[in-house]
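Q: Protein sequences appear in the order of chains A and B. Taking the numbering used here, the leading residue of the first sequence gets 12, the next gets one more, and so forth. Taking the numbering used here, the leading residue of the second sequence gets 12, the next gets one more, and so forth.
2 protein chains.
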Amino acid sequence: MESSIATSHGSSRREATRQKLYEAAVTLIAEQGFSATTVDEIAERAGVAKGTVYYNFASKSVLFEELLRHGVGLLTASLREAAEETARRGGGKVDALDAMIRAGLVFIDRYPAFTQLYVAELWRTNRAWQSTLMVVRQEAVAVVEDVLREGVRGGELSEEIDVPLTAAALVGMVLVAALDWKSFQPERSLDDVHAALSRLLQGRVGGHRP
Amino acid sequence: MESSIATSHGSSRREATRQKLYEAAVTLIAEQGFSATTVDEIAERAGVAKGTVYYNFASKSVLFEELLRHGVGLLTASLREAAEETARRGGGKVDALDAMIRAGLVFIDRYPAFTQLYVAELWRTNRAWQSTLMVVRQEAVAVVEDVLREGVRGGELSEEIDVPLTAAALVGMVLVAALDWKSFQPERSLDDVHAALSRLLQGRVGGHRP
DNA sequence: GTTTTTGCACTGACCAGTCAGTACAAATTC
DNA sequence: GAATTTGTACTGACTGGTCAGTGCAAAAAC
């Protein structure tokens, strides 16, 4: 039913157990939060004894940190891939942004629990994994920033654009719209959501009529 | 130091205590999450005995629920006010949306901890206060949806717009951009952030050059 | 003199992390 | 090829600590 947010290779038995634990943890933590989720629950959902959790991970927070690192890694790879694919096709930077929006939606569609959890934790301070999260966030946002910057440099995007702020806004637009889609209007198709966001990106909401 | 997210009137002594508890709770919960925040911490930060917390609120979650309800109430009022003010001035619907973006930013600037906490809890399922939160979210988003709908009806906005999805995207854009601003680029001014978002709304990022 | 707050001791449920022990397959010895 | 050792993965009862919530007498505020 849910997100296989884990390392792919590693054919050992151990790796399979880790997988199951990741998958159990991601949904439970997304639903209840980190502190409200008990290690016993995670073990039970994974169909494993509690001791096994500690055999595989040093602590509850380490399990969570590795989960975060891997999940964001997947997203970043997927965004970068979308941008490169567009470039290969000879598309412009706006097309690349549009492709990245779609890649983001596909990711969230596949791993909604992970996304929920990421958003919930991202701006928290004073947490053990805060630094991990900041590094990993920067990697993801940087992919969007790069495309914006190239667009400005190549003259395709206006020079008045504030790159970091615009990147954050675009990421936020996709994240929140997608989470709302999954939670409150799950009957809508990915294409619908993509079309709505695309329209906003291309200025066909508040823009001067062409 | 932080957000006076509480009922304004109520001159009684009791109300003042409630205020202090709201303020203490909102920052602590934003930083650590609901479960990781203890009632003792809240009491200590508020400079109040633990018994007082229970004299004023039935339980920890009731305290939190009332916090949520009131905070979103403030935001909703502020958004509605911005839209009406624009209408009074004779501005168009795009102007109203722009004014609402600014109102949202002002709110987040004033109550960053509350906003952080709201975003972290919004898409969680299976929580005691989930229903409270959904009602209250709908009120806030509805304000944006109303303006979009009026804009479409009056011909100022394109009919192809998907109102609920676009509203969610706009709200998300503001929330995430603002939280990023507060957390990662606090040196930027509100006007900078507003300008960046305004540009996106008005299609001067990916839009066809006029 | 009523309402609100304080301070503090207490309870009982809950939970992260530990540890002695089991299962079992593959390697090693005889 | 049977007997023994080794390494790896896993188990679940147990422990020490934490925390929401209670109870209450005395003080303070109004």
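All C-beta atoms, glycine included, are put in the ideal place defined by N, C-alpha and C.
With a threshold of 8 Å between beta-carbons, can A/S46 be considered close to chain B, or not?
A: Residue numbering aside, residue 46 of chain A sits at position 35 when the first sequence is read from its first letter. At least one chain B Cβ lies under 8 Å of A/S46.
Q: For A/A41, which of A/N67, A/A60, A/L78, A/Q30 has the nearest alpha-carbon?
A: Numbered from 1 along the first sequence, position 30 holds the residue referred to as residue 41 of chain A. Nearest of A/N67, A/A60, A/L78, A/Q30 to A/A41, Cα basis: A/L78.
Q: Buried or exposed for B/K61, going by 16 or more other Cβ atoms inside 10 Å?
A: For this step, residue 61 of chain B is matched to residue 50 along the second sequence. By the neighbour-count rule (16 or more Cβ atoms within 10 Å), B/K61 is not buried but exposed.
Q: What's the call for B/M111, buried or exposed, on a 16-neighbour Cβ count within 10 Å?
A: On the second sequence, residue 111 of chain B is found 100 positions in, with the first residue counted as 1. Counting Cβ neighbours within 10 Å, B/M111 comes out buried, since at least 16 surround it.
Q: Short of 7 Å Cβ to Cβ, which residues in the region 123 to 149 of chain A face chain B?
A: Q127, V130, A131, W134, R135, T136, N137
Q: Using a C-beta cutoff of 8 Å, does A/Q30 count as contacting chain B?
A: Translated into the one-based positions of the first sequence, residue 30 of chain A becomes position 19. Output row for A/Q30: interface = no.
Q: I need the straight-line Cα distance from B/E167 to B/A94, nearest angstrom please.
A: Mapped onto the second sequence, residue 167 of chain B falls at position 156. Mapped onto the second sequence, residue 94 of chain B falls at position 83. The straight-line gap from Cα to Cα measures roughly 15 Å.
Q: Find the residues of chain B that neighbour A/M111, judging by a C-beta separation of less than 8 Å, and give them in chain order.
A: What you label residue 111 of chain A is simply residue 100 of the first sequence in a count that begins at 1. Going along chain B, no residue has its Cβ under 8 Å from A/M111, so there is no contact; the nearest lies around 12 Å.
Q: Give me the residue from B/S72, B/V117, B/R80 with the minimum Cα distance to B/S89.
A: For the purposes of this step, residue 89 of chain B is taken as the residue at position 78 of the second sequence. Closest option to B/S89, judged by alpha-carbon separation, among B/S72, B/V117, B/R80: B/V117.
Q: Give a yes or no on whether the minimum CB-CB distance between A/T87 and chain B is below 8 Å.
A: Taking the first sequence and counting its residues from 1, the one referred to as residue 87 of chain A is at position 76. By this cut-off, A/T87 is not an interface position.
Q: Pull up the CB-CB distance for A/S72 and A/W134, whole angstroms please, since I reckon it's below 8 Å.
A: In the first sequence, counting from the first residue as 1, residue 72 of chain A sits at position 61. In the first sequence, counting from the first residue as 1, residue 134 of chain A sits at position 123. The pair is not a contact, with the Cβ atoms about 18 Å apart (cut-off 8 Å).
Q: Check the Cβ-Cβ distances between A/I172 and every residue of chain B, and say whether any is below 8 Å.
A: In the first sequence, the residue the question calls residue 172 of chain A occupies position 161. Yes, contact with chain B.
Q: Using a Cβ-Cβ distance cut-off of 8 Å, determine whether A/G183 contacts chain B.
A: The count along the first sequence starts at 1 and reaches residue 183 of chain A at position 172. Judged by the 8 Å Cβ criterion, A/G183 is in contact with chain B.
Q: Excluding sequence positions up to five away, which residues of its chain have a Cβ less than 7 Å from the Cβ of B/V204?
A: Stepping through the second sequence from its first residue, residue 204 of chain B is reached at position 193. Cβ neighbours of B/V204 beyond the five flanking positions: L116, A188, A189, W192.
Q: Taking a Cβ distance cut-off of 9 Å, strictly less, list which residues of the region 69 to 83 of chain B are near chain A, in chain order.
A: none
Q: Would you mind telling me which residues of chain A sit closer than 7 Å to B/A188, beta carbon to beta carbon, in chain order?
A: The residue labelled residue 188 of chain B in the question sits at position 177 within the second sequence. The answer, in chain order, is L176, A179, A180, G183.
Q: Please list the residues of the region 199 to 210 of chain A that have a C-beta atom closer than 8 Å to any C-beta atom in chain B, keeping them in chain order.
A: R199, D203, V204, A206, A207, L208, R210
Q: Just tell me which of A/T87, A/F125, A/S209, A/T136 has its CA closest to the CA of A/D157.
A: Along the first sequence, read from residue 1 onward, the residue named residue 157 of chain A stands at position 146. Of the listed residues, the one whose Cα sits closest to A/D157 is A/T87.
Q: If you draw a straight line from the C-alpha of A/T223 to the C-alpha of B/Q43, how long is it?
A: Not covered by the structure: residue 223 of chain A. The range shown for chain A is 12 to 221.
Q: Helix, strand or coil for A/G21 per DSSP?
A: If you number the first sequence from 1, residue 21 of chain A lands on position 10. Here A/G21 scores only 41 on pLDDT, less than 50, and its place in the model should not be relied on; the value that follows carries that caveat. Coil at A/G21, not helix or strand.
Q: Between which residues of its own chain and A/E52 is the CB-CB distance below 7 Å, once the five residues before and five after are set aside?
A: Here residue 52 of chain A refers to the residue found at position 41 when the first sequence is read from its first residue. Within the same chain, A/E52 has close Cβ partners L39.
Q: Could you tell me the distance, in whole angstroms, from the CA atom of A/V152 to the CA atom of A/R91?
A: What you label residue 152 of chain A is simply residue 141 of the first sequence in a count that begins at 1. What you label residue 91 of chain A is simply residue 80 of the first sequence in a count that begins at 1. Rounded to the nearest angstrom, the two C-alpha atoms are 11 Å apart.
Q: Ignore the nearest five residues each way along the sequence and tell me which others in B/L159's own chain have a CB closer than 7 Å to its CB.
A: For the purposes of this step, residue 159 of chain B is identified with residue 148 of the second sequence, where counting begins at 1. Closer than 7 Å at the Cβ level, and outside the excluded window around B/L159, lie L168, I172, V174, T177, A178.
Q: Count the other C-beta atoms from every protein chain shown that fall within 10 angstroms of the C-beta of B/Y122, then say buried if there are 16 or more, exposed otherwise.
A: As a working note, residue 122 of chain B is residue 111 in the second sequence. The residue is buried, with at least 16 neighbouring Cβ atoms inside 10 Å.
Q: Can you pull the chain B neighbours of A/V230, defined as C-beta to C-beta under 8 Å?
A: The first residue shown for chain A is 12 and the last is 221, placing residue 230 of chain A beyond what the model contains.
Q: Relative to the C-alpha of B/R25, which residue among B/V50, B/T63, B/T48 is closest?
A: By 1-based counting over the second sequence, the position of residue 25 of chain B is 14. Looking at the Cα atoms, B/T63 is the closest of the given residues.
Q: Measure the CB-CB distance between B/L208 and B/V182 and report whether it falls below 8 Å.
A: Translated into the one-based positions of the second sequence, residue 208 of chain B becomes position 197. Translated into the one-based positions of the second sequence, residue 182 of chain B becomes position 171. With respect to B/V182, B/L208 sits apart: the two C-beta atoms are not nearer than 8 Å.
Q: In chain order, what residues of the same chain lie with their CB nearer than 7 Å to the CB of A/L144, ignoring the 5 residues before and after it?
A: By 1-based counting over the first sequence, the position of residue 144 of chain A is 133. Taken in chain order, the residues that qualify are L79, E132, L133.
Q: How about A/S194: is its C-beta nearer than 8 Å to some C-beta of chain B?
A: Within the first sequence, residue 194 of chain A is the residue found at index 183, counting from 1. It does: the Cβ of A/S194 has a partner Cβ on chain B nearer than 8 Å.
Q: Going along the chain, which residues of its own chain have a beta-carbon closer than 7 Å to the beta-carbon of A/D109, five neighbours each way excluded?
A: By 1-based counting over the first sequence, the position of residue 109 of chain A is 98. Taken in chain order, the residues that qualify are S209, L212.
Q: In angstroms, rounded to a whole number, what distance separates the CA positions of B/E170 and B/E150?
A: The residue you call residue 170 of chain B lines up with position 159 of the second sequence. The residue you call residue 150 of chain B lines up with position 139 of the second sequence. Between B/E170 and B/E150, the C-alpha separation is close to 23 Å.
Q: Beta-carbon separation of A/A36 and A/L74 under 8 Å?
A: By one-based count along the first sequence, residue 36 of chain A stands at place 25. By one-based count along the first sequence, residue 74 of chain A stands at place 63. In this structure, the beta-carbon distance from A/A36 to A/L74 falls below 8 Å.
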